[in-house]
Amino acid sequence: DYSVNIYLRQQWYDPRLRFNKSEVSDNKDCVKLEDKIWEKLWVPDVFFRNEKKADFHHVTIPNRFINLYPDGKLWYVMKISATLSCMMQLQKYPLDTQICPMMLESFGHTMQTVIFKWLVNKSVESTDELSMPQFMLKGYPTKDCSKNYTTGSYPCLQVDFILQRDIGYFIIQVYIPTILQVILSWVAFWINAEAIPARVSLGLLTVLTMTTQSSGAGQSLPRVSYIKAIDVWMSVCLIFVFASLLEFAVVNVYSRKDTNSTMLLLSNEKSPPPKQQQQPESAGQQSSNSAKLTSAQIISTNTARKIDKISRRLFPLMFLIFNVIYWVMYVVV
Numbered sequence: 001d002y003s004v005n006i007y008l009r010q011q012w013y014d015p016r017l018r019f020n021k022s023e024v025s026d027n028k029d030c031v032k033l034e035d036k037i038w039e040k041l042w043v044p045d046v047f048f049r050n051e052k053k054a055d056f057h058h059v060t061i062p063n064r065f066i067n068l069y070p071d072g073k074l075w076y077v078m079k080i081s082a083t084l085s086c087m088m089q090l091q092k093y094p095l096d097t098q099i100c101p102m103m104l105e106s107f108g109h110t111m112q113t114v115i116f117k118w119l120v121n122k123s124v125e126s127t128d129e130l131s132m133p134q135f136m137l138k139g140y141p142t143k144d145c146s147k148n149y150t151t152g153s154y155p156c157l158q159v160d161f162i163l164q165r166d167i168g169y170f171i172i173q174v175y176i177p178t179i180l181q182v183i184l185s186w187v188a189f190w191i192n193a194e195a196i197p198a199r200v201s202l203g204l205l206t207v208l209t210m211t212t213q214s215s216g217a218g219q220s221l222p223r224v225s226y227i228k229a230i231d232v233w234m235s236v237c238l239i240f241v242f243a244s245l246l247e248f249a250v251v252n253v254y255s256r257k258d259t260n261s262t263m264l265l266l267s268n269e270k271s272p273p274p275k276q277q278q279q280p281e282s283a284g285q286q287s288s289n290s291a292k293l294t295s296a297q298i299i300s301t302n303t304a305r306k307i308d309k310i311s312r313r314l315f316p317l318m319f320l321i322f323n324v325i326y327w328v329m330y331v332v333v
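Per full-length UniProt numbering, residue 1 is the first one in the sequence shown, and the count goes up by one each step.
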């Protein structure tokens, strides 16, 4: 829902109230009617179809008046504060644009008795000082919303307030921090694979921070069953951060193969078999075994370094592609 303060202006003609201008004191163009006379006049029975709560303003006096013109035209103005329902669609939140209607309908008169029309010029006006914390008013088109009921067709007028969400707050509070966290997780690719505490601490820190921010971003929103744009962003960023931690696990596997191969070589050199089982071994065989272990070490070390080098380019490229798709899908389309 949303709340609004409006000046509701209504104009209609009642031929029974025509008068000669010369008969009025001071030769005025119109006569302001007192409150006591209102009960004797016909006044449109307008109500807000999508109203939740509405009140008149009475400080310091009732904020309303009726002017009567010589040709029988009446000009009825009142100030109202209303809370109206607005079914927001949050699929693109916080990059969304909402359309919130205000529907004015006759309560008891069908279209056979009363017809509502918007004024030709400036049917809806807004103040230049209008400002909202999270939205920008982009327009307010008008249309007819007359509806058929079992008792007949009732006149209705509708104005749609087009509200575009201001993304500045979310850029500073959500998008920039999460981008920096994703980039921070890539720092692990430049840390030596043997520095296990440093890489694990960095990976866990970024994962926990991203998880906390993701849960906090949705606390101020109503619980809906569909996926929002901010859910997609936070989920993908969390996947990138978690993937960088998994990348270290893969690199660590290859690094441990290198360490295990070195330990095996040292064990073979320091622990010869018993004398009764010893067999003379040629220098060529010893050289061949050492060469095999050294080759395995080189392959494991090169593979671990190669994975880090590929990740340094692959992760930023994939994140850039995701950003292009994300912003085009939710902003341009």
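Just so you know, even glycine gets a beta-carbon here, dropped at the ideal spot from N, CA and C.
Close Cβ partners of residue i (< 6 Å) along its chain, the five nearest in sequence each way excluded
{"i": "R312", "result": "F189"}
{"i": "N121", "result": "none"}
{"i": "F116", "result": "P155 and L157"}
{"i": "P222", "result": "none"}
Beta-carbon proximity check, residue i vs residue j, cutoff 8 Å
{"i": "F135", "j": "Q164", "result": "yes"}
{"i": "D166", "j": "C86", "result": "no"}
{"i": "V182", "j": "V159", "result": "no"}
{"i": "I162", "j": "I230", "result": "no"}
{"i": "L157", "j": "T142", "result": "yes"}
{"i": "L17", "j": "G72", "result": "yes"}
{"i": "residue 336", "j": "V4", "result": "Not covered by the structure: residue 336. The range shown for the chain is 1 to 333."}
{"i": "L68", "j": "W12", "result": "no"}
{"i": "T209", "j": "L238", "result": "no"}
{"i": "Q91", "j": "Y254", "result": "no"}
{"i": "V241", "j": "S185", "result": "yes"}
{"i": "S146", "j": "L137", "result": "no"}
{"i": "S244", "j": "F315", "result": "yes"}
{"i": "residue 334", "j": "M234", "result": "Outside the displayed span of the chain (1 to 333) sits residue 334, for which this structure offers no information."}
{"i": "V224", "j": "Y326", "result": "no"}
Alpha-carbon spacing of residue i relative to residue j, whole angstroms
{"i": "N148", "j": "W118", "result": "20 Å"}
{"i": "L246", "j": "F322", "result": "20 Å"}
{"i": "A198", "j": "I191", "result": "8 Å"}
{"i": "I37", "j": "Q112", "result": "27 Å"}
{"i": "I196", "j": "M329", "result": "39 Å"}
Residue span of the beta strand (DSSP E) that contains residue i, given as start and end
{"i": "L221", "result": "Unbroken run through L221: none, as it is neither H nor E."}
{"i": "S81", "result": "K73 to L84"}
{"i": "Q181", "result": "Unbroken run through Q181 is the alpha helix (DSSP H), I176 to W186; no beta strand (DSSP E)."}
{"i": "S146", "result": "Element bounds for S146: n/a, residue is neither H nor E."}
{"i": "P101", "result": "T97 to S106"}
Residues near residue i by beta carbon distance below 8 Å, same chain, minus five either side
{"i": "T151", "result": "T110"}
{"i": "V251", "result": "A193, A304, I307 and D308"}
{"i": "W42", "result": "D14"}
Proximity test, residue i beta-carbon vs the ligand GDP heavy atom, cut-off 7 Å
{"i": "W233", "result": "What this structure holds is no ligand at all, so the ligand GDP is not there to describe."}
Proximal residues to residue i (C-beta, below 7 Å), its chain only, five neighbours per side dropped
{"i": "F170", "result": "P94"}
Delimiting residues of the alpha helix (DSSP H) encompassing residue i
{"i": "V4", "result": "From DSSP, V4 is part of no alpha helix (DSSP H) but of the beta strand (DSSP E) over Y2 to Y13."}
{"i": "D35", "result": "D35 to W38"}
Pairs of beta-carbons, one from the region 106-115 and one from the region 43-57, closer than 8 Å: are there three or more?
Yes, since at least three Cβ pairs between the region 106-115 and the region 43-57 fall closer than 8 Å, the two stretches touch.
Could you tell me whether the region 76-85 touches the region 16-24, using the rule of 3 or more Cβ pairs below 8 Å?
Remark: fewer than three beta-carbon pairs, one from each stretch, lie closer than 8 Å, so the region 76-85 and the region 16-24 are not flagged as touching.
Three or more beta-carbon pairs under 8 Å between the region 166-179 and the region 197-206, yes or no?
Verdict: no, contact absent.
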